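Student: Residue numbers (the numbering used here): 383 to 946.
Just so you know, even glycine gets a beta-carbon here, dropped at the ideal spot from N, CA and C.
None of these values were measured; they are calculated from a predicted model.
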Amino acid sequence: MSLQAKPLVLIVDDEEGLRFTLSCLLREEGFAVESAATREQALELLREREYDLAFVDIILQGSNGIDLLRDIREHARNTRVIMITGRPDVESAAETVRLGAFDYITKPVRHETLVSVARHALKSKQLADERERNRANLDAIFRSVSDAIVMVDSSGRLIQFNSAAGAACGYTEEQMGSPVTAIDFGCGGVCRTALLESLRSALPQELKRFECRRPDGVTRVLNFTATPVMEADGTVKGAVAVIRDETRLDTLERTLQQRGRFHAIIGRTQSMQKLYALIEALADVSTTVLINGASGTGKELVAAALHACGARKNGPMIKVNCSALSEHLLESELFGHVRGAFTGAIATKTGRFQKAEGGTIFLDEIGDISPAMQMRLLRVLQELVIERVGDSTPIAVDVRVIAATNQDLAEKVRQGTFRQDLYYRLNVVRIVLPALKERLDDLPLLAEHFLRKFSAKFDRPYRAFSDDVMALFFRHDWPGNVRELEHAIEHACILCRSDIITMGDLPQDLLDIARHGAAPAFDRSPPKKDLTLEEALAMTDGNKSRAARLLGISRRTVYRHMGV
């Protein structure tokens with residue numbers, strides 16, 4: 383309908399009297415009317431404005447109304463055309479309707495017939511205009527929405543897609559009408575499979591957060607839904623697929639979750655967030671750091687993170703287990719020796735401090751070194767100078783020292799077994815690692831990490847832990863901390879023959895906890911420092927790990943004292 387308040391009608395007839403009569407009758411009914419005597423005049427008016435209705439005589443001077451009907455259908459498709467004929471017959475009426483006329487009336491024109499046909503045609507025009515507006519609005523939405531939208535008919539042929547689908551999947555206009563099975567998308571085709579399944583089953587299909595590798599090598603994270611389009615009788619007319627690119631959201635979520643993992647350290651609890659912040663604060667300075675934490679809490683991982691995110695990350699990271707070596711071997715390992723320095727020194731050896739030049743040296747179990755070694759290490763920390771065994775020539779070194787211990791060095795200082803000056807040199811900044819039982823909220827995250835790790839290692843599709851296994855994990859106090867959890871999960875993965883870790887897959891000591899509801903007494907009793915190693919071994923039936931816990935020392939220290 384035109385923008386005028388009144389519907390606009392064009393009357394085309396070579397009889398002036400009829401034009402006048404029809405105009406008067408229609409104006410009385412609220413129509414705005416214009417008229418033309420010839421086809422040429424009518425075409426000129428049609429070029430200037432849009433008419434809602436056109437009454438056209440089938441016979442015009444110099445031409446015929448059917449030619450004008452064709453013109454109107456070609457250039458003004460929304461105008462409803464009513465043909466006027468003086469010789470009504472079925473053949474001519476059918477011809478005009480076939481060519482697109484809305485209806486026809488006969489001469490002499492009766493008032494009631496004219497008004498009825500005009501109102502009927504106008505109603506048809508208004509409904510068609512409304513449908514067109516709705517279609518245009520939907521088409522605008524269809525083409526402007528950022529989600530890719532694809533429509534197929536009941537046989538799986540492509541009938542429509544928007545620009546987002548063209549950009550995302552490579553649809554082209556040339557593919558319209560082709561079966562989607564015949565279109566090569568250059569990807570895995572999981573969307574196509576789900577779309578066809580929606581057609582087959584007459585049920586919605588959904589794919590959540592899956593990766594799609596495009597022909598250009600770019601991998602996108604997508605959400606996919608396919609919904610069947612149903613007829614009133616329940617038959618499937620087609621299906622609509624909507625593909626949403628979730629890549630940016632997925633990347634943002636992964637970024638937010640990365641604080642659940644800092645380098646190789648895993649944990650989201652507040653204590654771990656503080657640890658990550660402290661590591662970042664210490665990363666770019668060369669300050670000596672003392673890492674304090676029970677066995678299995680990840681002291682070596684923290685040292686590696688301090689090195690990896692700092693200014694020395696391109697330099698070497700040298701690790702030394704101080705408790706695994708005797709005093710003389712440790713001295714040679716740390717500082718090196720010259721040929722002939724001692725029996726068996728057949729060649730000059732570069733020490734770990736020199737190997738760490740420009741990087742970091744990590745001294746693990748620093749609390750186990752002897753008083754003599756403590757004195758030598760103190761000089762290195764004070765002067766950054768070493769002397770190789772058998773040589774008094776000082777060698778300057780540029781290294782950062784990170785030390786770690788599971789012992790209370792302050793208590794050892796009070797007992798006189800650890801030098802106070804060395805303690806202060808080491809304890810410039812102290813990082814205390816929480817035990818696993820102090821951050822149980824991280825346990826599911828750690829368990830999931832280890833499950834993925836061993837699933838890849840053993841090439842088995844482990845999926846989850848049973849509820850009773852997770853309940854047991856939360857009941858256990860984990861004296862061995864994260865390392866104990868890792869070993870327990872590795873043990874379970876080796877034994878598991880399904881995709882769910884169950885109670886029967888767990889190590890026996892954890893199953894004992896499940897049965898008795900508490901850890902064995904030796905796991906929970908405080909260290910007995912007045913016991914000798916022999917007494918501790920006797921009390922634990924020779925179990926070196928239990929003896930170490932009883933004495934409050936590391937298992938390596940037990941082995942070293944036993945000469946193993």
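(1) Assuming alanine 503 contacts isoleucine 531 under a Cβ cut-off of 8 Å, what Cβ separation, rounded to an integer in Å, is found between them?
(2) Give a yes or no on whether the minimum CB-CB distance between tyrosine 805 and chain C is below 8 Å.
(3) Which same chain residues, not among the five before or five after aspartate 453, have their C-beta less than 7 Å away from its C-beta?
(4) Output the distance between the C-alpha atoms of isoleucine 487 and leucine 442, rounded to the nearest integer angstrom.
(5) So, helix, strand or coil for glycine 798, using DSSP?
(6) May I have the straight-line CA-CA distance separating aspartate 881 from alanine 838, to the nearest angstrom?
(7) What three-state label does DSSP hand isoleucine 748 in the structure shown?
(8) Taking the beta carbon of arginine 595 as the centre, do at least 16 other beta carbons fall within 10 Å, making it buried, or is it exposed?
(9) Less than 8 Å between the CB atoms is what I'm expecting for leucine 683 and isoleucine 728, so what's the real figure, rounded?
(10) Run through DSSP, which three-state label would glutamine 736 get?
(11) Using beta-carbon positions only, say whether glutamate 959 and phenylalanine 567 come within less than 8 Å of one another.
(12) Quick one: measure Cβ to Cβ for serine 677 and asparagine 863, integer angstroms, because I've assumed they're closer than 8 Å.
(13) In its own chain, which residues sit with a C-beta less than 6 Å from the C-beta of alanine 786, not counting the 5 before and 5 after it?
(14) For glycine 709, does the three-state DSSP call read helix, strand or coil?
(15) Work out the CA separation of leucine 427 and leucine 392 for me, nearest whole Å.
(16) Please state the DSSP three-state secondary structure of tyrosine 844.
(17) Do the stretch 842-855 and the stretch 712-720 make contact, defined as three or more Cβ pairs closer than 8 Å?
(18) Can the beta-carbon of arginine 782 be found less than 8 Å from the beta-carbon of threonine 730?
(19) Okay, do the stretch 765-784 and the stretch 648-659 touch, 3+ Cβ pairs below 8 Å being the bar?
(20) Between Met885, Leu818, Gly886 and Leu664, which has its C-alpha nearest glutamate 868's C-alpha?
(21) Which of helix, strand or coil does DSSP assign to cysteine 406?
(22) Count the other C-beta atoms from every protein chain shown that fall within 10 angstroms of the C-beta of valine 415, then say buried if there are 16 or more, exposed otherwise.
(23) Which residues mark the beginning and the end of the beta strand (DSSP E) in which glycine 620 is found?
(24) Secondary structure at tyrosine 658, three-state DSSP: helix, strand or coil?
(25) Ignoring anything shorter than 3 residues or poking outside the stretch 507-555, list the beta strand (DSSP E) runs there in chain order.
(26) Does proline 490 come out as helix, strand or coil in the three-state DSSP assignment?
(27) Nearest to aspartate 529 by CA position, among Leu404, Leu408, Ala623 and Cys704, is which residue?
(28) Identify whether glycine 680 lies in helix, strand or coil by the three-state DSSP scheme.
(29) Using DSSP bridges, identify the partner residues of isoleucine 393.
(30) On the DSSP bridge assignment, give the partners of threonine 669 in chain order.
Tutor: Taking the structure as given:
(1) Taking the sequence shown and counting its residues from 1, the one referred to as residue 503 is at position 121. Taking the sequence shown and counting its residues from 1, the one referred to as residue 531 is at position 149. 35 Å between Cβ atoms; not a contact.
(2) Considering every chain present, this structure includes no chain C. It has just one protein chain.
(3) Residue mapping note: residue 453 aligns to position 71 of the sequence shown, counting from 1. Taken in chain order, the residues that qualify are Leu425.
(4) Stepping through the sequence shown from its first residue, residue 487 is reached at position 105. Stepping through the sequence shown from its first residue, residue 442 is reached at position 60. Whole-angstrom Cα-Cα distance: 16 Å.
(5) Position 416 of the sequence shown holds residue 798. DSSP places glycine 798 in coil when its eight states are reduced to three.
(6) Mapped onto the sequence shown, residue 881 falls at position 499. Mapped onto the sequence shown, residue 838 falls at position 456. About 13 Å.
(7) In the sequence shown, counting from the first residue as 1, residue 748 sits at position 366. Reduced to three states, the DSSP call for isoleucine 748 is helix.
(8) As a first step, residue 595 is located in the sequence shown; it is residue number 213 there, counting from the start. With fewer than 16 Cβ atoms within 10 Å of its Cβ, arginine 595 is classed as exposed.
(9) On the sequence shown, position 301 is the one that residue 683 refers to. On the sequence shown, position 346 is the one that residue 728 refers to. Contact flag wrong, Cβ pair sits at about 37 Å.
(10) As a first step, residue 736 must be located in the sequence shown, where it is residue number 354. Note: glutamine 736 maps to helix in three-state DSSP.
(11) With the chain covering only 383 through 946, there is no way to say anything about residue 959.
(12) If you number the sequence shown from 1, residue 677 lands on position 295. If you number the sequence shown from 1, residue 863 lands on position 481. With a Cβ gap of about 7 Å, serine 677 and asparagine 863 count as contacting.
(13) As a position in the sequence shown, residue 786 is number 404, starting the count at 1. Hits under 6 Å: Ile673, Lys681 and Asp746.
(14) For the purposes of this step, residue 709 is taken as the residue at position 327 of the sequence shown. Before going further, note that residue 709 is glutamate rather than glycine in the sequence given. If DSSP states are grouped into helix, strand and coil, glutamate 709 belongs with the helices.
(15) Taking the sequence shown and counting its residues from 1, one reaches residue 392 at position 10. Taking the sequence shown and counting its residues from 1, one reaches residue 427 at position 45. Each residue's alpha carbon lies about 9 Å from the other.
(16) Here the question's residue 844 lines up with position 462 in the sequence shown. Coil, per DSSP.
(17) no
(18) What you label residue 782 is simply residue 400 of the sequence shown in a count that begins at 1. What you label residue 730 is simply residue 348 of the sequence shown in a count that begins at 1. No, these two residues do not count as a Cβ contact at 8 Å.
(19) no
(20) Counting from one through the sequence shown, the residue named residue 868 turns up at place 486. When only C-alpha atoms are compared, the closest one is Leu818.
(21) Taking the sequence shown and counting its residues from 1, the one referred to as residue 406 is at position 24. Note: cysteine 406 maps to helix in three-state DSSP.
(22) Translated into positions along the sequence shown, residue 415 becomes position 33. Result: buried.
(23) Position 238 of the sequence shown, counted from the first residue, corresponds to residue 620. From DSSP, the beta strand (DSSP E) with glycine 620 extends over 618-627.
(24) Counted from its first residue, the sequence shown places residue 658 at position 276. Three-state result, tyrosine 658: helix.
(25) 530-535 and 540-543
(26) Here the question's residue 490 lines up with position 108 in the sequence shown. Three-state DSSP puts proline 490 in coil, outside helix and strand.
(27) Within the sequence shown, residue 529 is the residue found at index 147, counting from 1. Residue Ala623 is the option with its Cα nearest to aspartate 529.
(28) Counted from its first residue, the sequence shown places residue 680 at position 298. Here glycine 680 sits in coil by DSSP.
(29) In the sequence shown, counting from the first residue as 1, residue 393 sits at position 11. According to DSSP, which records beta bridges pairwise, isoleucine 393 is partnered with Ser417 and Phe437.
(30) Here the question's residue 669 lines up with position 287 in the sequence shown. Paired residues: none, contrary to the question.
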